[in-house]
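Single-structure report; data block below.
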Amino acid sequence: MKKNIFVLSLFTITLGFTSCSEDDLNQFPDYGIGMPNGGNPITDETTMAKVLTGMYQQMSTADAFASTIPVVGSLASDDFFVSTNNSGYYLTTSNLSWTPSSSDFTVAYNELYDVVAQANIVLNATIEETTAVKKYKAQAYTARGMAHLYLAMGWAENPTSGKNQEYGIAIYTGNFDPNLKSPRSTVEETYNSIIEDLKKGIDSSNDTPASKAYLSATSARLLLAKAYLWKGDYANAISMANEAINSAPASFSLLKNSQVVNYFYGATGASEREFENQPETVWEVGLTALNNPGVNTSMGVLFDYLDPTNKTGAEAGLNARRSILARQSLYDLYNDGDIRKTLFVKDTRTFDTPSGYFINKYRKTVGGVNNIGNIKILRLTEAKFIKWEAMAKSGQGATALAELNTFALERGGTTYSGDALTAVLTEKRKEFAGEGQRFYDLKRNNLPMNKISNVPAGAVSTVAAGDKLFVFPIPSYSINVNTNMTQYPGWVN
Numbered sequence: 419m420k421k422n423i424f425v426l427s428l429f430t431i432t433l434g435f436t437s438c439s440e441d442d443l444n445q446f447p448d449y450g451i452g453m454p455n456g457g458n459p460i461t462d463e464t465t466m467a468k469v470l471t472g473m474y475q476q477m478s479t480a481d482a483f484a485s486t487i488p489v490v491g492s493l494a495s496d497d498f499f500v501s502t503n504n505s506g507y508y509l510t511t512s513n514l515s516w517t518p519s520s521s522d523f524t525v526a527y528n529e530l531y532d533v534v535a536q537a538n539i540v541l542n543a544t545i546e547e548t549t550a551v552k553k554y555k556a557q558a559y560t561a562r563g564m565a566h567l568y569l570a571m572g573w574a575e576n577p578t579s580g581k582n583q584e585y586g587i588a589i590y591t592g593n594f595d596p597n598l599k600s601p602r603s604t605v606e607e608t609y610n611s612i613i614e615d616l617k618k619g620i621d622s623s624n625d626t627p628a629s630k631a632y633l634s635a636t637s638a639r640l641l642l643a644k645a646y647l648w649k650g651d652y653a654n655a656i657s658m659a660n661e662a663i664n665s666a667p668a669s670f671s672l673l674k675n676s677q678v679v680n681y682f683y684g685a686t687g688a689s690e691r692e693f694e695n696q697p698e699t700v701w702e703v704g705l706t707a708l709n710n711p712g713v714n715t716s717m718g719v720l721f722d723y724l725d726p727t728n729k730t731g732a733e734a735g736l737n738a739r740r741s742i743l744a745r746q747s748l749y750d751l752y753n754d755g756d757i758r759k760t761l762f763v764k765d766t767r768t769f770d771t772p773s774g775y776f777i778n779k780y781r782k783t784v785g786g787v788n789n790i791g792n793i794k795i796l797r798l799t800e801a802k803f804i805k806w807e808a809m810a811k812s813g814q815g816a817t818a819l820a821e822l823n824t825f826a827l828e829r830g831g832t833t834y835s836g837d838a839l840t841a842v843l844t845e846k847r848k849e850f851a852g853e854g855q856r857f858y859d860l861k862r863n864n865l866p867m868n869k870i871s872n873v874p875a876g877a878v879s880t881v882a883a884g885d886k887l888f889v890f891p892i893p894s895y896s897i898n899v900n901t902n903m904t905q906y907p908g909w910v911n
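FYI, the working numbering numbers position 464 of the sequence shown as 882, with every residue one higher than the one before it.
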């Protein structure tokens with residue numbers, strides 16, 4: 419069933435679980451809450467908790483943050499590609515061949531607006547504002563701001579491009595309305611709305627989450643710094659990035675060099691899940707045996723080369739469905755002393771020329787169970803890169819370069835000289851490889867994309883700065899049902 423912000427076909431939306439405890443985040447919902455047209459179903463704190471849990475469920479689907487959003491950010495770039503030996507997933511993204519009627523991220527568009535819709539239910543409730551309600555609303559403001567931010571990063575024009583600034587995203591913050599047909603806001607209106615939501619997400623009642631699968635005040639600060647960076651408000655981006663680090667409670671701390679490998683992949687044996695709920699993590703998708711993307715699109719299925727549960731055949735112990743690889747050009751950025759280089763494993767098969775590299779950031783099997791490893795989406799270290807990019811763009815390049823070089827040496831890497839922004843983006847490319855950042859870094863900085871290898875015949879290898887490919891098309895069916903929505907220039911519905 420097709421769902422979107424403009425025409426919702428269900429008056430009952432699955433929103434809750436059998437319990438409202440935060441420990442029940444990763445259970446499947448088994449009943450719904452009736453949605454009155456133009457009204458609000460929340461009557462008490464318990465109902466609100468159930469709606470909020472449903473909101474997190476939307477965020478953790480395969481078509482949202484559990485797979486598609488980070489995969490697209492990595493694959494639609496010069497860093498990763500889909501091997502010629504594949505199961506048919508994310509080929510459209512890898513080949514940069516998406517259209518309004520066919521893309522790997524059409525459902526992601528829907529899922530993000532579903533997150534917005536459920537956050538709206540929480541935020542428009544008028545029950546007594548207890549401490550718990552304040553916490554729930556802070557999380558809902560953060561989730562709505564985050565969903566709108568990712569929608570803007572993908573489907574809106576870049577705020578600093580100097581063109582097409584009327585192409586923001588549709589913003590609706592009211593009660594459920596099945597007949598709503600929202601037009602695009604301008605880019606400025608879009609980012610102003612995002613920023614206001616994220617400011618409201620910074621609340622002391624939500625400083626320390628039950629786990630990193632919940633959004634916190636630190637999440638709101640980090641996302642707010644990112645929103646300011648995208649908008650081109652560099653002073654506030656620097657200020658909020660510093661605040662994200664310095665105001666974070668004790669459950670948060672920056673990733674140390676000695677922690678890098680186990681942070682992403684964990685050790686073997688009883689402590690395999692040590693890579694979850696780590697201090698560096700600001701927000702991660704919580705997965706379990708009941709709630710995970712499954713055998714086709716789990717990050718571990720796509721990226722990991724190991725699978726201890728595969729016990730037969732020539733590839734016993736290996737993941738037979740592995741298909742997303744790093745290009746040689748990305749691997750070559752790391753010097754031999756860089757701890758992050760140890761996360762890469764050469765693909766010894768002969769399917770691709772040149773062969774690529776697996777990256778050990780997503781584990782297929784944890785404790786003998788497939789597809790349950792949490793997916794890191796927000797990391798505290800990103801605040802440093804937001805700050806350095808903003809400094810490089812606001813006349814503080816020398817200071818940014820000095821701080822960046824200290825960081826690079828800590829990772830065992832090499833130092834930089836020359837243009838500070840180029841250095842920041844190169845080091846970020848190394849630090850966040852495979853984490854869904856690269857496409858958006860290119861777009862935000864109005865840079866071209868150049869895939870220098872592993873491009874199938876007839877596929878796009880070079881994308882000019884400002885090309886329509888940097889603005890995802892609104893899905894055709896959304897355009898068809900919403901007469902107020904306009905498609906981005908160059909895309910034919």
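We treat Cβ as the ideally placed atom computed from N, Cα and C, and that holds for glycine.
Anticipated Cβ contact below 8 Å, residue i with residue j, distance rounded
i	j	result
Arg639	Thr904	About 33 Å; that fails the 8 Å criterion.
Ala645	Leu567	6 Å
Val873	Leu761	The Cβ separation is near 24 Å, so there is no contact.
Ile790	Thr706	6 Å
Lys886	Gly908	4 Å
Glu807	Val763	Glu807 to Val763, Cβ: 30 Å. No contact.
Ser623	Lys552	4 Å
Phe670	Gly684	Between Gly684 and Phe670 the Cβ distance is about 19 Å, and since that is not below 8 Å, they are no contact.
Asn728	Leu720	So it is not a contact: roughly 15 Å between Cβ atoms.
Straight-line gap, residue i to residue j (C-alpha atoms, nearest Å)
i	j	result
Ile587	Arg562	13 Å
Pro518	Leu865	23 Å
Trp701	Glu800	12 Å
Arg829	Asn792	24 Å
Val533	Leu493	24 Å
Leu530	Ile612	14 Å
Thr432	Tyr652	Low confidence applies to Thr432: its pLDDT is 34, below 50, so where it sits in the model is not reliable enough to give any reading.
Ala484	Gly472	15 Å
Ile892	Asn538	22 Å
Phe446	Ala467	Annotation note: pLDDT 29 at Phe446 (below 50); position unreliable, coordinate value reported separately. One C-alpha to the other measures close to 15 Å.
Asp837	Gly815	8 Å
Ser478	Gly712	12 Å
Arg745	Asn868	12 Å
Ser437	Gln557	Only weak support is given to the placement of Ser437: the predicted model assigns it a pLDDT of 30, under 50, and the value that follows is read from those uncertain coordinates. Cα-Cα distance, rounded: 18 Å.
Thr730	Gly457	56 Å
Leu443	Gly786	No answer about Leu443 holds up, because its pLDDT of 29 lies below 50 and its placement is not dependable.
Ser634	Asp625	6 Å
Ala631	Val490	21 Å
Gly619	Tyr723	38 Å
Tyr449	Ala480	Residue placement at Tyr449 cannot be trusted, given a pLDDT of 37 that sits under 50; the coordinates are not used to answer.
Asp615	Leu673	28 Å
Tyr681	Pro697	10 Å
Thr699	Phe850	13 Å
Ser521	Leu743	20 Å
Glu440	Val881	In this prediction, Glu440 scores a pLDDT of 33, lower than 50, which makes its location untrustworthy; no coordinate-derived value is stated.
Thr560	Thr768	45 Å
Residue interval of the alpha helix (DSSP H) (run including residue i)
i	result
Val551	549-573
Arg691	Run containing Arg691: none; DSSP gives neither H nor E here.
Ala535	524-541
Ala643	635-649
Arg856	856-862
Leu899	A small correction: the amino acid at residue 899 is Val; Leu does not occupy that position in the sequence shown. Val899 -> alpha helix (DSSP H) spans 894-899.
Tyr474	463-477
Met658	652-664
Ala484	Ala484 -> no alpha helix (DSSP H), and no H or E assigned at all.
Thr904	Element bounds for Thr904: n/a, residue is neither H nor E.
Leu843	838-849
Gly815	815-828
Extent of the continuous beta strand (DSSP E) to which residue i belongs
i	result
Glu702	699-703
Leu379	Because the chain is modelled from 419 through 911, residue 379 falls outside the range shown and cannot be assessed.
Residues sharing a beta bridge with residue i, DSSP
i	result
Ile742	Val500
Phe762	Ile777
Leu724	Leu736
Val787	Val784
Arg602	Ala588
Val998	Only positions 419 to 911 of the chain appear in the structure, and residue 998 is not among them; the question remains open.
Ser520	Thr517
**OP:** For the segment 592-600 and the segment 654-668, state whether three or more C-beta atom pairs, one from each stretch, are separated by less than 8 Å.
**Re:** no
Original post:
Are three or more beta carbon pairs between the segment 770-790 and the segment 525-541 nearer than 8 Å?
Top reply: no
Original post:
Taking three-plus beta-carbon pairs below 8 Å as touching, is the segment 486-502 in contact with the segment 458-473?
Top reply: no
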